[in-house]
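This report refers to the structure that appears directly beneath it.
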Amino acid sequence: MLEPLFPEGFFRMPYWAEREDWMPAVELVENDGEYLLTAELPGIFKDDVHVTVEDNVLTLRGEKKLEKERKEGRAHIRERRYGSFERCFTLPRNVDENKIRAEFHDGIVEVHLPKGEETKARHIDIS
């Protein structure tokens, strides 16, 4: 008697692979002159990634589009995720929002957040 090529349970998915949504992995590093936010976006094109800043919140959003679906064969494992994502980050008070810039290369977006003068509270006289 022959054993099946793929025994039952061989391709059982780990719990994290059963999620329907996905979020890109990010890293935030601080050095003397800036903060650097790096996000891994494999399989995403530059035109499908958007970075905005509003009310001291940096938003990274985009979409990983579904590739052409394969008509032949039967999938045994499906761990790749597609769809839209959005990540929001409250900026430190010393980020100069007017000098923020972003670069995209090799499926990685880098958002440079230059440090400036920290915003300080000021007293406003009431007239």
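In the working numbering, each residue carries its 1-based index in the sequence shown increased by 227.
Every residue gets a Cβ at the ideal spot worked out from N, C-alpha and C, and that includes glycine.
Fair warning: this is a prediction, and the values are worked out from it, not measured in the lab.
Review point. Does the beta-carbon distance from residue 341 to residue 261 come in below 8 Å?
Key: yes
Check your understanding: Taking C-beta to C-beta, are residue 281 and residue 311 nearer than 8 Å?
Key -> no
Point to revise | Neighbour-count burial assignment, residue 268, 16 or more Cβ in a 10 Å radius | key: buried
**Study point:** Other residues of its chain near residue 284: CB distance less than 8 Å, five sequence neighbours each side excluded
**Key:** 315, 316, 317, 318
**Study point:** Simplified DSSP state of residue 326, which is helix, strand or coil
**Key:** helix
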